[in-house]
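Novice: One structure coming up, written as structure tokens, with questions to follow.
Number of protein chains: 2
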Amino acid sequence: MEEAEMATESRGTEGGTRPKVTITAIAQEAGVSVPTVSRVVNGRSDVSPETRARVEDLLRIHGYRRRQSAPGDRAALVDLVFNDLDSPWAVEIIRGVEEIAHRDGVGTVVSAIHGRAGSARQWLKNLRARASDGVILVTSVLEPVVHEELRRLNVPIVVVDPAGSPALEAPTIGATNWAGGMAATEHLLSLGHRRIGLIAGPARLLCSRARLDGHRAALEAAGVPFDPALVAQGDFYHESGFHGCDQLMDSDSPPTAIFASSDQMALGAIEALRRRGLRVPEDVSIVGFDDLPEVRWSAPPLTTVRQPLADMGKLAARTVLRQARGEEIESPRVELATQLVVRASTAPPTEG
Amino acid sequence: MEEAEMATESRGTEGGTRPKVTITAIAQEAGVSVPTVSRVVNGRSDVSPETRARVEDLLRIHGYRRRQSAPGDRAALVDLVFNDLDSPWAVEIIRGVEEIAHRDGVGTVVSAIHGRAGSARQWLKNLRARASDGVILVTSVLEPVVHEELRRLNVPIVVVDPAGSPALEAPTIGATNWAGGMAATEHLLSLGHRRIGLIAGPARLLCSRARLDGHRAALEAAGVPFDPALVAQGDFYHESGFHGCDQLMDSDSPPTAIFASSDQMALGAIEALRRRGLRVPEDVSIVGFDDLPEVRWSAPPLTTVRQPLADMGKLAARTVLRQARGEEIESPRVELATQLVVRASTAPPTEG
Numbered sequence: 001m002e003e004a005e006m007a008t009e010s011r012g013t014e015g016g017t018r019p020k021v022t023i024t025a026i027a028q029e030a031g032v033s034v035p036t037v038s039r040v041v042n043g044r045s046d047v048s049p050e051t052r053a054r055v056e057d058l059l060r061i062h063g064y065r066r067r068q069s070a071p072g073d074r075a076a077l078v079d080l081v082f083n084d085l086d087s088p089w090a091v092e093i094i095r096g097v098e099e100i101a102h103r104d105g106v107g108t109v110v111s112a113i114h115g116r117a118g119s120a121r122q123w124l125k126n127l128r129a130r131a132s133d134g135v136i137l138v139t140s141v142l143e144p145v146v147h148e149e150l151r152r153l154n155v156p157i158v159v160v161d162p163a164g165s166p167a168l169e170a171p172t173i174g175a176t177n178w179a180g181g182m183a184a185t186e187h188l189l190s191l192g193h194r195r196i197g198l199i200a201g202p203a204r205l206l207c208s209r210a211r212l213d214g215h216r217a218a219l220e221a222a223g224v225p226f227d228p229a230l231v232a233q234g235d236f237y238h239e240s241g242f243h244g245c246d247q248l249m250d251s252d253s254p255p256t257a258i259f260a261s262s263d264q265m266a267l268g269a270i271e272a273l274r275r276r277g278l279r280v281p282e283d284v285s286i287v288g289f290d291d292l293p294e295v296r297w298s299a300p301p302l303t304t305v306r307q308p309l310a311d312m313g314k315l316a317a318r319t320v321l322r323q324a325r326g327e328e329i330e331s332p333r334v335e336l337a338t339q340l341v342v343r344a345s346t347a348p349p350t351e352g
Numbered sequence: 001m002e003e004a005e006m007a008t009e010s011r012g013t014e015g016g017t018r019p020k021v022t023i024t025a026i027a028q029e030a031g032v033s034v035p036t037v038s039r040v041v042n043g044r045s046d047v048s049p050e051t052r053a054r055v056e057d058l059l060r061i062h063g064y065r066r067r068q069s070a071p072g073d074r075a076a077l078v079d080l081v082f083n084d085l086d087s088p089w090a091v092e093i094i095r096g097v098e099e100i101a102h103r104d105g106v107g108t109v110v111s112a113i114h115g116r117a118g119s120a121r122q123w124l125k126n127l128r129a130r131a132s133d134g135v136i137l138v139t140s141v142l143e144p145v146v147h148e149e150l151r152r153l154n155v156p157i158v159v160v161d162p163a164g165s166p167a168l169e170a171p172t173i174g175a176t177n178w179a180g181g182m183a184a185t186e187h188l189l190s191l192g193h194r195r196i197g198l199i200a201g202p203a204r205l206l207c208s209r210a211r212l213d214g215h216r217a218a219l220e221a222a223g224v225p226f227d228p229a230l231v232a233q234g235d236f237y238h239e240s241g242f243h244g245c246d247q248l249m250d251s252d253s254p255p256t257a258i259f260a261s262s263d264q265m266a267l268g269a270i271e272a273l274r275r276r277g278l279r280v281p282e283d284v285s286i287v288g289f290d291d292l293p294e295v296r297w298s299a300p301p302l303t304t305v306r307q308p309l310a311d312m313g314k315l316a317a318r319t320v321l322r323q324a325r326g327e328e329i330e331s332p333r334v335e336l337a338t339q340l341v342v343r344a345s346t347a348p349p350t351e352g
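So the sequence lines, in the order shown, correspond to chains A and B.
If you're matching positions, the first sequence starts at 1 in the UniProt record's numbering and goes up one per residue.
If you're matching positions, the second sequence starts at 1 in the UniProt record's numbering and goes up one per residue.
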């Protein structure tokens with residue numbers, strides 16, 4: 001066993017850009033045996049937590065990478081981690097990641113950590129037990145302790161659509177949320193709308209903030225004052241779009257158009273309008289955000305801002321696999337373009 | 001290396017129910033060296049295809065399982081294989097599988113093989129290179145050569161919602177499609193509908209046939225003759241529901257209600273009716289099949305037959321992990337109950 005591990009290590013460091021470091025040197029510095037370092041490298045559980053932490057810190061400091069560029073010692077797996085697998089857009093991202101990984105002979109391990117520390121720790125434990133060439137985190141708000149453990153594992157990480165200030169030193173892949181928010185509201189302005197409601201996403205997510213800022217920038221560029229009474233707070237899910245729409249329509253001066261900053265909220269808003277006996281787009285125009293496959297078939301088909309979710313998944317997979325091969329990543333932050341898709345849910349306002 | 005592999009084997013067979021067989025015996029019978037058998041067992045690529053086939057056949061004949069019940073030699077991975085990752089119901093099944101596997105410390109590797117032999121072979125190659133505790137195939141129509149290779153790999157297999165006559169000797173997990181089809185049409189009959197259209201799924205899939213037969217059984221139980229002119233052929237996707245609905249409504253005696261045998265086809269049908277200026281449910285009632293999360297928010301919210309997709313995923317994961325531990329499976333064929341969910345897309349017909 002030890003021989004195989006040593007071979008793995010020397011093969012790995014030869015091809016890499018990091019300084020050469022041997023398990024023997026790490027063992028000496030940590031004051032433990034070579035087999036103990038091997039056990040840590042191979043993610044085995046029969047090492048005390050203190051020893052593991054000390055060895056992993058040294059491995060990291062010396063730039064020792066568990067998984068290296070030699071084909072023989074690749075795990076042939078990437079991890080794709082969601083908070084929850086409860087949205088149709090998850091499958092879009094999975095599809096993109098899987099397409100690239102599959103071609104590269106790499107399996108895509110899909111996990112949900114439900115924003116719970118216990119679940120995230122279980123995932124880390126699983127990851128440690130079986131190894132991974134890289135981790136793609138999707139809008140994951142991880143606890144600091146999980147960040148720290150991921151850093152220790154020293155596995156390449158890419159973050160898709162970061163939820164907040166990225167605390168991990170990892171490349172991030174997003175969409176042009178600000179430009180998309182601006183395009184949505186510009187479209188409604190160009191149709192002649194002046195009272196435009198916004199159903200915003202969760203305030204803690206940067207993408208929500210960017211969409212709101214784009215909406216506001218479009219209004220101000222058109223000389224339309226931004227009215228906080230025309231903003232309802234949502235959480236990206238259907239039900240919050242339903243209630244957000246009701247709130248906006250119940251106000252003293254209801255909007256003639258609503259930009260719902262997710263497709264699911266847009267569908268909820270359309271249902272709220274239907275229950276009020278209002279037609280889309282004759283009475284109220286609706287613009288969504290995401291362009292999920294099913295909104296081509298909503299009643300009416302939804303005008304929305306296309307977020308290239310599958311392409312984001314593909315780029316995330318390419319990036320993490322390049323990192324796993326020890327290649328340099330040009331840009332730590334990439335935003336793919338969003339695009340307005342005009343369908344049947346928007347029209348000029350009835351009264352000019 | 002060889003020592004480690006031999007240890008794996010003897011640990012595995014001690015706990016199992018299969019007759020004890022050693023790598024040495026297999027090597028003698030195949031006329032190859034012990035290291036060659038080890039290489040085959042460990043899925044390494046440096047063995048000729050002929051030798052690999054001979055050794056794998058012997059391993060299978062003697063009931064040698066690559067992955068055994070001892071915790072130490074589990075791959076800690078299950079494979080979940082779709083034809084395509086292009087439907088919101090895929091994420092429901094992924095969620096169910098992931099929940100069970102995650103708890104068990106097992107990662108869920110999601111793949112799409114696009115019904116193409118090349119892609120399926122790439123997946124088999126990936127699987128062979130990294131090992132797996134079990135494979136869950138979702139409505140996958142695999143080529144015979146892929147069947148044969150999967151058999152050779154000797155890894156536990158479970159099939160979810162089998163697409164046709166299951167050619168693999170594997171447990172299958174489905175839903176009560178016949179009872180669901182019957183419940184959908186009984187609901188429409190109970191509202192007073194007599195001319196009930198059906199948009200059927202792909203004829204090659206058993207689940208489509210079962211839903212059609214259930215629909216027909218409900219009609220005949222109510223004394224309503226089955227009229228082939230009221231059946232349109234779909235493929236489970238939105239667009240076929242749109243065109244299928246148009247076809248039914250264009251007939252000489254259009255239906256007052258339509259059972260679309262997937263939710264996506266039901267949404268396509270609703271859009272077709274909207275474009276014709278017809279209201280759901282006032283002019284035409286629609287029942288779907290699946291109960292995808294988003295149809296709670298379609299306009300109007302869809303009456304549908306709930307297929308417990310996440311539960312099917314959970315049961316598939318439990319079954320394949322039990323097989324991986326060498327446990328017996330009680331029933332090779334399980335159908336989970338479907339359930340009618342009445343929402344706002346169905347009502348009594350306008351004229352009697």
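Think of the CB as a built atom: it goes at the ideal place given N, C-alpha and C, for glycine as much as any other residue.
Here the structure is a predicted model, which means the values were calculated and not measured.
1. When you check each C-beta in the stretch 105-127 of chain B against every C-beta of chain A, which residues fall closer than 9 Å?
2. Please state whether DSSP places residue 242/B in a helix, a strand or coil.
3. Anything in chain B within Cβ reach of residue 268/A, meaning under 9 Å, just list it in chain order.
4. Using 8 Å as the threshold, is the C-beta distance between residue 159/B and residue 137/B below it?
5. Do residue 181/A and residue 214/A have their beta-carbon atoms positioned less than 8 Å apart in this structure?
6. Do residue 89/A and residue 309/A come within 8 Å of each other at the CB atom, strictly closer than that value?
7. Mind listing which residues of the stretch 238-252 of chain A have their C-beta closer than 7 Å to chain B's C-betas, in chain order?
8. Would you mind working out which of 292/B, 104/B and 286/B sits nearest residue 244/B, comparing C-alpha positions?
9. Does any residue of chain A bring its CB to less than 8 Å from the CB of residue 173/B?
10. Chain A beta carbons: is any one of them nearer than 8 Å to that of residue 102/B?
11. Taking the alpha-carbon of residue 102/A as reference, which of 76/B, 95/B and 130/B has the nearest alpha-carbon?
12. Just verifying my parser: in three-state terms, what is the DSSP assignment at residue 69/B?
13. Any beta carbon of chain B sitting closer than 8 Å to that of residue 69/A?
14. Note down the Cα distance separating residue 143/A from residue 34/A, rounded to an integer number of angstroms.
15. Nearest to residue 200/B by CA position, among 262/B, 109/B, 147/B and 239/B, is which residue?
16. Any contact between the stretch 291-299 of chain B and the stretch 288-300 of chain A? By contact I mean 3 or more CB pairs, one from each, below 8 Å.
17. Grab the span of the alpha helix (DSSP H) containing residue 23/B for me, first residue to last.
18. Return the chain-ordered ranges of every alpha helix (DSSP H) run that is complete within the stretch 193-239 of chain B and spans a minimum of 4 residues.
19. Can you pull the chain B residues whose beta carbon is under 8 Å from the beta carbon of residue 129/A, in chain order?
20. Is any beta-carbon of chain A found at less than 8 Å from that of residue 271/B?
21. Determine the direct distance from the alpha carbon of residue 139/B to that of residue 109/A, and round the result to whole angstroms.
22. Quick check: what's the CA-CA separation for residue 218/B versus residue 344/B?
23. At what residues does the beta strand (DSSP E) containing residue 336/B begin and finish?
24. Could you give the C-beta distance for residue 347/B and residue 282/B, rounded to a whole number, given that I count them as a contact under 8 Å?
25. Using a Cβ-Cβ distance cut-off of 8 Å, determine whether residue 85/A contacts chain B.
26. Who are the neighbours of residue 294/A on chain B, taking C-beta pairs under 8 Å?
27. Under a CB-based cut-off of 8 Å, is residue 308/B close to chain A?
28. So, is the C-beta of residue 274/A closer than 8 Å to a C-beta in chain B?
29. What residue from 106/A, 270/A and 149/A has the CA that sits closest to residue 54/A's CA?
30. What's the gap between the Cα of residue 222/B and the Cα of residue 189/B?
31. Just to make sure I have the definition right: I need the residues of chain A whose C-beta is within less than 8 Å of the C-beta of residue 98/B. Which are they?
32. How should residue 61/A be labelled, buried or exposed, when 16 other C-beta atoms within 10 angstroms of its C-beta is the threshold for buried?
33. How about residue 95/A: is its C-beta nearer than 8 Å to some C-beta of chain B?
34. Let me know the secondary structure DSSP gives residue 133/A once reduced to three states.
Specialist: In short, the structure shows the following:
1. Answer in chain order: 105, 106, 107, 108, 109, 110, 111, 112, 113, 119, 122, 123, 125, 126 and 127.
2. helix
3. 297
4. yes
5. yes
6. yes
7. 238
8. Taking only the C-alpha atoms, the option nearest residue 244/B is 286/B.
9. no
10. yes
11. 130/B
12. Unreliable positioning characterises residue 69/B in this predicted model, as indicated by a pLDDT of 38, which lies under 50. The coordinate reading is nonetheless provided below. Residue 69/B falls in the coil class under three-state DSSP.
13. Because residue 69/A sits at a pLDDT of 38, beneath the cut-off of 50, its placement in the model cannot be relied upon, and the following sentence gives the value as read from the coordinates. No - not a single Cβ of chain B is within 8 Å of the one on residue 69/A.
14. 32 Å
15. 262/B
16. yes
17. 23-30
18. Given a length threshold of 4 residues, each whole run of the alpha helix (DSSP H) inside the stretch 193-239 of chain B is given here in chain order: 206-221.
19. 76 and 105
20. yes
21. 20 Å
22. If you take the alpha carbons of residue 218/B and residue 344/B, they lie about 22 Å apart.
23. Looking at the DSSP string, the run of the beta strand (DSSP E) that includes residue 336/B is 333-336.
24. 7 Å
25. yes
26. For the C-beta of residue 294/A, the chain B residues within less than 8 Å are, from N- to C-terminus, 88, 238, 264, 267 and 294.
27. no
28. With 8 Å as the cut-off, residue 274/A counts as an interface residue toward chain B.
29. 149/A
30. 8 Å
31. 85, 110, 111 and 112
32. exposed
33. yes
34. coil
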